[in-house]
Each structure stands twice: as structure tokens, then as C-alpha cells.
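Below: the structure, in C-alpha cells.
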């Protein structure tokens, strides 16, 4: 799977790109069906996941092969390789049931890198996404802003100051009169965003609707990962739990290899 010069230029200019993953809808549906009994229940436990609540499931790739297959799907990896010119290295998955209405942030506040910017996220829609579902909200071009973390804002590097970080970004958006765009996407499409792109979850106006999706976070080859929120005395470097690249199911591998050659 290849990208056009126009697509690469758009990503460099806007900080994000929407593309067709070519993932089989049956595989997306299979994940949604397996997670159906779990979603929406406070206190629900998902065996094998390090964190789970009624709307969010972290790192279920450890126990679900289809979730893992999406994270390492060759069409997605090929897009990231084309955009960054470096090998992408997946290290975290998040599955969602409904919109989050999460406040504006950039992923670099959670997962930063040396050199700066060698990290990205890919959001895959498991269903068609409209405005009532609370789609992703992002600010085109905001990835070009200077690096912003706790220290650059004059805050102690501690998640206790995360509300002040959010307030800082909200004020920044207002002062610069930045206009949001929304992830109105079709089932099977994906949105890749740069680490420094300001984004969040828009208001969900119809609470009965779902917004089922999967996010995978990636570092790019050559990055030295660190966490701003854990860097009180010095930068807290860490080694992520990398997802292995081997496809867990033969039929997925054969299908993806065929797409990759296109």
C-alpha cells in the first residue's frame, strides 16, 4: 500500500491523515461482538488487560489476536513507514465503546521521545462515525507548535498538574482562534496523527450511540521513549512492551501480504 505525494504533504501540513485500512469488516465486527458483554458495565473485568473500565480497554492485544492483528496490519504499518521514513513499533492498544469527550491534549504529554516527534497514534473506526457520536476532534496544523509538556508550561512534571495542563491548552486554542476538525469516518477507515497534534473527544450529543474503535500508539525506529509525567528529577526513560510483528492468524497474514504488494 503506497501513499501519494499529496497525502504525505497533507500529513506534514495538517499533522493527520485519514486513510482506508483495507481491514476486513468481519474482523472488526468480531472484536465488537466479543467485547459486547463487557462494555457499559461499571466494575467489569477483562482478564489479561492491565486497565479496563466501562468504556476503555487497554492492551487487550495480549489476549485477543484480532486486536493485535489490527495493530500490526501491514497496510497501517506501510502508511506509517511512508509518512515517517522509519519502521513503526507498536506498543499500546486502546479499545473504546463510546465517545470519550476527552479534553484537548497531545500524546507527547504521555509518551514523548528523543528526538521529539517520533511517536504517533492510529485510530481505526469499527463503525461509521457521525457528529452525534462524539467523534475525534483535532486542530489541523497544531503539531507545528513548540513542544509543550509540564516543564515548558512552568508546571512540576507530575500528573497531579494535568488539569492545569488541559486548561493551558484550552486557553491556547482560544487565544489563537484555532478551528477544530472532526473525525467523521467510515467503518474501516483510520486516522493517523502526529505526537504533537492537539486533539480530544467532541461532545456526544446522543448518549445512546456507540463509537467503537481501536487506537494503537507507535514509536518510530530511532526514538528514545520517555514519560513527561514521571520525570520529576530527570527524564523518565522507559522501554515499552513492543507488540511482536508476527501475524497470529494465517488467513490474516496472507490477505495482508497481498494488500501490501499493491
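In my numbering, the protein residues as written are -12 to 249.
Each residue gets a CB set at the ideal place from its N, CA and C atoms; glycine is no exception.
In this text, all values refer to a predicted model and were calculated from it rather than measured experimentally.
>> Rounding to the nearest angstrom, what Cα-Cα distance links residue 142 and residue 186 in this structure?
In response: Cα-Cα distance, rounded: 21 Å.
>> Could you tell me which whole alpha helix (DSSP H) segments of length 4 or greater appear in the region 145 to 200?
In response: Within the region 145 to 200, the complete alpha helix (DSSP H) runs of at least 4 residues are 149 to 162.
>> Within 10 Å of its beta-carbon, does residue 98 have 16 or more other beta-carbons around it, so buried, or fewer, so exposed?
In response: Buried, since its Cβ has 16 or more Cβ neighbours within 10 Å.
> First and last residue of the alpha helix (DSSP H) that includes residue 84?
Replying inline: Where residue 84 is concerned, there is no enclosing alpha helix (DSSP H), given that its DSSP letter is neither H nor E.
> Where do the ends of the alpha helix (DSSP H) carrying residue 19 lie?
Replying inline: Residue 19 -> alpha helix (DSSP H) spans 12 to 22.
>> Tell me the residue span of the alpha helix (DSSP H) that contains residue 69.
In response: Where residue 69 is concerned, the enclosing alpha helix (DSSP H) stretches over 61 to 71.
>> Give me the residue from 77, 203, 199 and 66 with the minimum Cα distance to residue 20.
In response: Considering only alpha carbons, the answer is 199.
>> Using C-beta distances below 6 Å, list every residue in its chain close to residue 86, excluding the 5 sequence neighbours before and after it, in chain order.
In response: Excluding the 5 residues flanking it on each side, residue 86 has same chain C-beta neighbours closer than 6 Å at 120, 121, 188, 191 and 198, in chain order.
> Can you give the beta carbon distance from residue 96 to residue 215, rounded, assuming they're within the 8 Å contact cut?
Replying inline: Contact flag correct, Cβ pair sits at about 6 Å.
>> Just to confirm the assignment, what range does the beta strand (DSSP E) spanning residue 7 have?
In response: Residues 3 to 7.
>> Measuring straight from C-alpha to C-alpha, what distance separates residue 152 and residue 135?
In response: Using only the alpha carbons, I get a separation of about 9 Å.
> Between which two residues does the beta strand (DSSP E) carrying residue 100 extend?
Replying inline: Counting along the chain, the beta strand (DSSP E) containing residue 100 begins and ends at 99 to 101.
> According to the neighbour-count rule (16 or more other Cβ atoms, all chains shown, within 10 Å of its Cβ), is residue 2 buried or exposed?
Replying inline: Its Cβ being crowded by 16 or more others within 10 Å, residue 2 is buried.
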